[in-house]
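Each residue of the sequence shown is one higher than the last, beginning at 1 in my numbering.
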Amino acid sequence: MRQQDDDYWLNLSDTFSADEGAGESEHGVLIEEIGGVVPLDAQFGVWPTRTTPEALHEPLFGDLRSQRDETAPLNTYAILDAVKFIGGASEFDECDLPSKCLFKGEMAEQLRDVAPYLFELSDAAELTRRLMTHLPDKPSTLTSLHMWGADPGIYIRSGLAFDEIWLQFRKFTRIRDARRAWLYFRFWEPRVLRKLVERLSNKPKHWLWRMFDGVEAVVLVHTGKAFRVTVPQTYCELSRGLKICAEDIFDDLSAVQHSIFCEDLAVKLGDEKALSFSLNEDGDLASRISDLSMHANSYGLKDRKSVERYIVSCHIFGKPAEAIPEAYKILQENRHELDRSRQLLNFAFQYLENRSGRM
1 MRQQDDDYWL
11 NLSDTFSADE
21 GAGESEHGVL
31 IEEIGGVVPL
41 DAQFGVWPTR
51 TTPEALHEPL
61 FGDLRSQRDE
71 TAPLNTYAIL
81 DAVKFIGGAS
91 EFDECDLPSK
101 CLFKGEMAEQ
111 LRDVAPYLFE
121 LSDAAELTRR
131 LMTHLPDKPS
141 TLTSLHMWGA
151 DPGIYIRSGL
161 AFDEIWLQFR
171 KFTRIRDARR
181 AWLYFRFWEP
191 RVLRKLVERL
201 SNKPKHWLWR
211 MFDGVEAVVL
221 VHTGKAFRVT
231 VPQTYCELSR
241 GLKICAEDIF
251 DDLSAVQHSI
261 FCEDLAVKLG
271 DEKALSFSLN
281 EDGDLASRIS
291 DLSMHANSYG
301 LKDRKSVERY
311 IVSCHIFGKP
321 AEAIPEAYKI
331 LQENRHELDR
341 SRQLLNFAFQ
351 YLENRSGRM
């Protein structure tokens, strides 16, 4: 089983409706970008070799003391997703670090290679070096050598003991919906967690903050950037005892996944001036993609693939797809959205070919 085969909650980005933006993002929660982070290379001829980039050493392994208990040194933990490793959980067998799956019993066995695992990291560990290394001349799937760019998990600084951290975080791996059905919550996706914290930062009382109780900071590394997230202890205290409920977070997660979709598609398109016909001409490309995704939604295109095909078609046309009579007819047809969006994109490529032939 791989990540894309999991249930809807594990792959929430497959279906969404466009969202117009998040609320304010301060109010005591601190999200700091850690500047100057450069991943490790092969370090040929270097001795002693490093296990962490210089800019990340202090956030991850600095000799800090907990603000909640100055006598307690901070441990460094990681929650890593086995699905991001080409060999799954078997790659953890010889890492020689304290580790434990966040799932238990039969679930831990059945989902072994797609489950989250808690590790107590060491500054001297080979796994730490691998997580922080990028070898551009090697395949990204060669996770036995390098993991930078795979965004495999999150890093935690806390004075809590290993078993305490394990008990605390495993509570959030599954959450119940209104029908009391269990849904998986992939909070260990660093990009998702950062955006989710941003959206909820103006709510001092929310069950998500229970995750940060006793946690000094969480370090999130994704898309080549690093962030340190600090949640006030007062938020954690206000949120103790709150019921962990999917309905309290579902809309925010959908909006987060939509934001990530827009950012990723902007990278694919590559040209910041693309889609300049959008009414949001003063916004960045991701904002223009978000606006056009609402157009797609209005034609019943809500699946991620359908929305992407619609937006790429608009990019090819140089105008909204519905402004082209033949494309508008396709959008109006009474067929499944994936079929309509596929035909729309094929028509857009044909349109481009015909236009190129006339030049």
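Just so you know, even glycine gets a beta-carbon here, dropped at the ideal spot from N, CA and C.
Could you tell me how far apart the beta carbons of residue i and residue j are, in whole angstroms, since I believe they sit closer than 8 Å?
| i | j | result |
| --- | --- | --- |
| Ser298 | Leu344 | Between Leu344 and Ser298 the Cβ distance is about 14 Å, and since that is not below 8 Å, they are no contact. |
| Thr76 | Leu121 | 5 Å |
| Ala266 | Ala286 | 5 Å |
| Glu216 | Leu74 | 6 Å |
| Ile175 | Leu118 | That pair is no contact at about 18 Å. |
| Leu131 | Pro152 | 7 Å |
| Ser356 | Arg309 | The Cβ separation is near 20 Å, so there is no contact. |
| Thr143 | Phe85 | 5 Å |
| Leu127 | Leu97 | 6 Å |
| Thr51 | Arg129 | 4 Å |
| Leu48 | Val38 | Note that residue 48 is Pro in the sequence shown here, rather than Leu. About 18 Å; that fails the 8 Å criterion. |
| Gly28 | Tyr155 | About 21 Å; that fails the 8 Å criterion. |
Got a sec, what are the start and stop residues for the beta strand (DSSP E) residue i sits in?
| i | result |
| --- | --- |
| Cys101 | 99 to 101 |
| Thr173 | Careful: Thr173 lies outside any beta strand (DSSP E) and carries neither H nor E. |
| Arg228 | 225 to 230 |
| Phe212 | From DSSP, Phe212 is part of no beta strand (DSSP E); its letter is neither H nor E. |
| Glu322 | Neither: Glu322 is in no beta strand (DSSP E) and is coded neither H nor E. |
| Glu126 | Segment 126 to 131 is the alpha helix (DSSP H) holding Glu126; no beta strand (DSSP E) there. |
Near residue i, what residues of its chain come up, given a Cβ to Cβ distance below 7 Å and the 5 sequence neighbours on each side ignored?
| i | result |
| --- | --- |
| Asp177 | Leu183, Ala246, Glu247 |
| Leu34 | Residue identity differs from the one stated: residue 34 is Ile in this sequence, not Leu. Ala55, Leu56, Pro59, Ala226, Phe227, Arg228, listed in sequence order. |
| Ser239 | Lys205, His206, Trp207, Trp209, Arg210 |
| Trp170 | Here the sequence assigns Arg to residue 170, which means Trp is not the residue at that position. Same-chain partners within the cutoff: Leu102. |
Grab the span of the alpha helix (DSSP H) containing residue i for me, first residue to last.
| i | result |
| --- | --- |
| Val307 | 304 to 317 |
| Asp264 | 250 to 269 |
| Ile289 | 285 to 298 |
| Leu60 | 54 to 61 |
In chain order, what residues of the same chain have a beta carbon less than 6 Å from the beta carbon of residue i, not counting five sequence neighbours either side?
| i | result |
| --- | --- |
| Val256 | Val192, Lys195, Leu196 |
| Leu242 | Trp207 |
| Glu32 | Arg228 |
| Glu91 | Phe85 |
| Thr230 | Leu30, Ala217 |
| Ala150 | Lys84 |
Whose C-beta lies closer than 8 Å to the C-beta of residue i among residues of the same chain, with five residues either side of it excluded?
| i | result |
| --- | --- |
| Ala348 | Val312, Ser313, Ile316, Phe317, Ala321, Ala327 |
| Ile260 | Ser13, Arg191, Val192, Lys195 |
| Ala89 | Ala82, Cys101, Arg112, Asp113, Ala115, Tyr117 |
| Gly87 | Thr143, Ser144 |
List the DSSP bridge partners of residue i.
| i | result |
| --- | --- |
| Asn202 | DSSP output for Asn202 lists no bridge partner at all. |
| Ala217 | Arg157 |
| Ala78 | Phe119, Tyr155 |
| Tyr184 | Arg174 |
| Cys245 | Arg176 |
| Glu33 | Phe227 |
Compare the C-beta of residue i with all C-beta atoms of chain C and state if any pair is closer than 8 Å.
| i | result |
| --- | --- |
| Leu352 | Among the chains of the structure shown, chain C does not appear; only one protein chain is present. |
Next item on the list: Specify whether the stretch 89 to 101 and the stretch 173 to 188 touch according to this definition: at least 3 beta carbon pairs, one from each stretch, less than 8 Å apart.
Entry: no
Margin query: Under 8 Å: do the stretch 313 to 322 and the stretch 265 to 281 share three or more Cβ pairs, one atom per stretch?
Written below: yes
Notebook entry, point to check: Using 8 Å as the Cβ pair cut-off and three pairs as the minimum, do the stretch 133 to 142 and the stretch 198 to 214 touch?
Noted result: At 8 Å Cβ cutoff, the stretches do not touch.
Next item on the list: Take every Cβ of the stretch 159 to 171, pair it with every Cβ of the stretch 218 to 233, and state whether three or more of those distances are shorter than 8 Å.
Entry: no
Next item on the list: Could you tell me whether the stretch 51 to 60 touches the stretch 123 to 136, where touching means 3 or more Cβ pairs closer than 8 Å?
Entry: Yes: at least three Cβ pairs fall under 8 Å.
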